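Colleague: Structure in structure tokens, see below.
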């Protein structure tokens, strides 16, 4: 049986919802160390050594947010793409990186204002912004239209950039080419914003670290 094509991805700040939803006050270095030790146990020192030098703020929620994003979402997605590619599947990856212009979409979750929280892409992908009382700007409407066309092409042809039987509506959206993921391409992903573009994944070294720990 031919291996199935797969499209997968994350938002750029997945961890915000989970960290700030639990910790409504600043987290000190000591508290952060305790939490990481409790979660990662014998791997805690390696995690701290990797992340502590990168974050200097007294409030360590930013660091915890990035750890959650990397460990739970981004790096497992890359791992899945690598496994799928090795098995013969065609893989496409995205990172949704657009901050909603209308904060009402977050229903009072103020820590998600001006952030790209978990689920931020859904009103764009499913055309459901009106259900969430969310008014799209003109550029956001284009982003939503493009996402609908990408996912529609993928469902139809197994390739989000397929032009086979493309509708006039999707032709008018002038879709940027979405390159297929491969192990030799430098981790190409589609950065989904109002100016969507293909880019090389910027956290390869971080995901290499998590892959080597092998604790997903």
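Residue numbers (the UniProt record's numbering): 1 to 216. Quick reminder that beta carbons are idealized off the backbone N, C-alpha and C, glycines included. Computed from a predicted structure; not experimentally measured.
Would you call the stretch 128–142 in contact with the stretch 91–111, where contact means no fewer than 3 C-beta pairs closer than 8 angstroms?
Modeller: yes
Colleague: Kindly list the residues whose CB is nearer than 8 angstroms to the CB of residue 151, restricted to its own chain and excluding five residues on each side of it in sequence; keep chain order.
Modeller: 7, 125 and 160
Colleague: Determine the direct distance from the alpha carbon of residue 193 to that of residue 14, and round the result to whole angstroms.
Modeller: 16 angstroms
Colleague: Do residue 68 and residue 291 have their beta-carbon atoms positioned less than 7 angstroms apart in this structure?
Modeller: Nothing about residue 291 can be read from this structure; the chain reaches only from 1 to 216.
Colleague: DSSP beta-bridge partners for residue 118?
Modeller: In the DSSP output, where bridge partners are listed per residue, residue 118 has none listed.
Colleague: Enumerate, from N- to C-terminal direction, the unbroken beta strand (DSSP E) stretches of 3 or more residues contained entirely within the stretch 85–129.
Modeller: Listed in chain order, they are 91–96.
Colleague: Do you know how far the Cα of residue 111 is from the Cα of residue 59?
Modeller: 14 angstroms
Colleague: Is it the case that the stretch 190–210 contacts the stretch 162–181, given that we only count it when at least three CB pairs across the two stretches are under 8 angstroms?
Modeller: yes
Colleague: I'd like the ranges of any beta strand (DSSP E) spanning at least 3 consecutive residues and lying wholly in the stretch 160–199.
Modeller: 188–192
Colleague: What's the call for residue 26, buried or exposed, on a 16-neighbour Cβ count within 10 Å?
Modeller: That one is exposed.
Colleague: Just how far apart, CA to CA, sit residue 206 and residue 70?
Modeller: Inter-residue distance for residue 206 and residue 70 is about 8 angstroms (C-alpha atoms, whole angstroms).
Colleague: Can you pull the DSSP bridge partners for residue 9?
Modeller: 94
Colleague: Under DSSP, the alpha helix (DSSP H) around residue 154 begins and ends at which residues?
Modeller: 138–157 is the extent of the alpha helix (DSSP H) around residue 154.
Colleague: Is it the case that the Cβ atoms of residue 11 and residue 120 are separated by a distance below 7 angstroms?
Modeller: yes
Colleague: Excluding the 5 residues preceding and the 5 following residue 40 in the sequence, name in chain order all residues of the same chain whose CB lies nearer than 7 angstroms to its CB.
Modeller: 47
Colleague: Here's the rule I'm using: 16 or more other beta-carbon atoms within 10 Å means buried, otherwise exposed. How should residue 164 be labelled?
Modeller: Classification for residue 164: exposed.
Colleague: Residue 123: buried (16+ other C-beta within 10 angstroms of its C-beta) or exposed?
Modeller: buried
Colleague: Nearest CA to the CA of residue 172: which residue from 148, 158 and 156?
Modeller: 148
Colleague: Is residue 127 close to chain C, meaning its C-beta is less than 7 angstroms from at least one C-beta of that chain?
Modeller: In summary, chain C is missing from the structure at hand, where a single protein chain is found.
Colleague: Find the nearest neighbour of residue 32 within the set 52, 42, 98 and 43, judged by alpha-carbon distance.
Modeller: 52
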